[in-house]
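The structure under discussion appears below in the form of structure tokens.
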Amino acid sequence: MLHVTDQMGRNITLPARPQRIVSLVPSITELLFDLGLGNEVVGVTRFCVHPEQARQTARNMGGTKKIHHDRIAALQPDLIIGSKEENTPEDIERLWHTYPVWMSDVKTISEGIAMIVQIGELCRRPSEAQHMAQEIEADFDKLKSSIVGQPNIRAAYLIWHKPMMVCGTNNFIGDVMRAMGLHNVFDGHFGGRDGTPRYPAITAEELAVSNADVVLLSSEPFPFKDEHIQHYQTLLPHSTVTKVDGELFSWYGSRMAKMPGYLRGLRGKLQERLP
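Take any residue in the sequence shown, note its place counting from 1, add 436, and you have its number in this note's numbering.
Here you go:
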């Protein structure tokens, strides 16, 4: 019998090692496979694209915000893993009444590292998870040390085009930006009519007057293309506008191992393009 508390402070009890896991979080699906739990993962979302094997061996449960409860019921899972940010409260509450549901709530790099350890304990892979977490933490420490004394680069990170939405306050992307020495110009911004402090919707005028040195166009959730670079370059003619790999800014879990190297290289390229 295992008694654990998830990242939302909820207590769950698992009578035995999970054998039938449903993952409703793409980055955690990848983590489970990287911890050697691929055979135990029986259900994933349609956005769980890594590893490719996940969609071949596990059943599609729908989208992260539109879950097919009948498919979950048919699988009879003994553990469901969700995310406060990616799944809807209504879906999670409904599942909570029937199944053990462990929820992640990751807003910082340190919380992402802690989540790896917690899932390792939850799924009986403690040593593998601890080793992974220690390596990720060490690599991020090296990244932060490498930019000590360098000036922060003012940056805007766009996640959507119409409406224009940016990374705001209190989220994982913002902490990743800080780790590579970027100052998020919309951290603490509350001006978006349809947005939230975490991901506010902004106007073209607000972006234009943000004085961002760089504008980062994420590959997800909106798939920014080359043609969007010119659009935003027109709004900010003196800024550097570039596309970035959204997974390497937002996928907490085992993909965090790839972040420090990518961020270090990106920081160097951005610095070269600054006046």
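Glycine is no exception: its CB is placed at the ideal position from the N, C-alpha and C atoms.
(request) With a 10 Å radius around its C-beta and 16 neighbouring C-beta atoms as the bar for buried, classify PRO599 as buried or exposed. (result) With a threshold of 16 other beta carbon atoms within 10 Å, PRO599 falls short and is exposed.
(message) Quick check: LEU699 and THR678, are their CB atoms within less than 8 Å of each other?
(response) With respect to the 8 Å criterion, LEU699 and THR678 are not classified as neighbours on the basis of their beta carbons.
(message) Just to confirm before moving on: does the CB-CB distance between MET539 and MET444 stay below 8 Å?
(response) For MET539 and MET444, yes; Cβs fall inside 8 Å.
(request) Please go through the same chain and pick out, in chain order, the residues whose beta-carbon is closer than 7 Å to the beta-carbon of ASP527, but skip the five residues on each side of it. (result) Cβ within range, chain order: ILE503.
(request) For LYS578, count neighbouring Cβ atoms within 10 angstroms of its own Cβ and tell me buried if that reaches 16, exposed if not. (result) So LYS578 ends up on the exposed side.
(request) Following the continuous beta strand (DSSP E) through THR678, name the residue where it begins and the one where it ends. (result) For THR678, the uninterrupted beta strand (DSSP E) run begins and ends at 676–680, by DSSP.
(request) Go through its chain and collect everything with a Cβ distance to GLU564's Cβ below 8 Å, but skip five positions before and after it. (result) Closer than 8 Å at the Cβ level, and outside the excluded window around GLU564, lie LEU471, GLY472 and GLY556.
(message) If distances are taken between C-alpha atoms only, which option among LEU671, ASN475 and PRO462 comes closest to ARG482?
(response) It is PRO462.
(request) For ASP662, I'd like the list of residues in its chain whose CB is within less than 7 Å of its CB, leaving aside the five on either flank, ordered along the chain. (result) Excluding positions up to five away in sequence, the list is empty.
(request) Within its chain, find whatever has a CB closer than 6 Å to the CB of THR441; leave out the 5 residues flanking it on each side and keep chain order. (result) Once the five neighbours on either side are set aside, the close Cβ partners of THR441 are ASN447.
(request) Measure the Cβ-Cβ separation of HIS597 and HIS674 and say whether it is below 8 Å. (result) No, the Cβ-Cβ distance between HIS597 and HIS674 is not below 8 Å.
(message) Could you give the first and the last residue of the continuous alpha helix (DSSP H) run that contains TYR593?
(response) Here TYR593 belongs to no alpha helix (DSSP H); instead the beta strand (DSSP E) covers 589–596.
(request) Check HIS664 in the structure and name its three-state DSSP category. (result) HIS664: helix per DSSP, three-state reduction.
(request) Determine the burial state of ARG709: buried for a count of at least 16 other Cβ atoms within 10 Å of its Cβ, exposed for fewer. (result) ARG709 comes out exposed.
(request) Determine the DSSP secondary structure at THR493, reduced to helix, strand or coil. (result) Of the three classes helix, strand and coil, the one that applies to THR493 here is helix, per DSSP.
(message) If you reduce the DSSP assignment to three classes, tell me which class GLY631 lands in.
(response) For GLY631, the pLDDT reaches just 47, beneath the cut-off of 50, and the residue's location in the model is therefore unreliable, leaving the point undetermined.
(request) Measure the C-alpha to C-alpha separation of GLY627 and GLU641 and round it to an integer number of angstroms. (result) For GLY627, the predicted structure reports a pLDDT of 46, less than 50, and the residue's modelled location is therefore unreliable. The matter cannot be settled from this model.
(message) In whole angstroms, give me the CA-to-CA distance for LEU558 and MET616.
(response) Taking C-alpha positions only, LEU558 is separated from MET616 by approximately 31 Å.
(request) Can you check the stretch 462–530 for any beta strand (DSSP E) of at least 3 residues that lies completely inside it and give the ranges in chain order? (result) Every unbroken stretch of the beta strand (DSSP E) spanning 3 or more residues and falling wholly within the stretch 462–530 is given here in chain order: 477–480 and 515–519.
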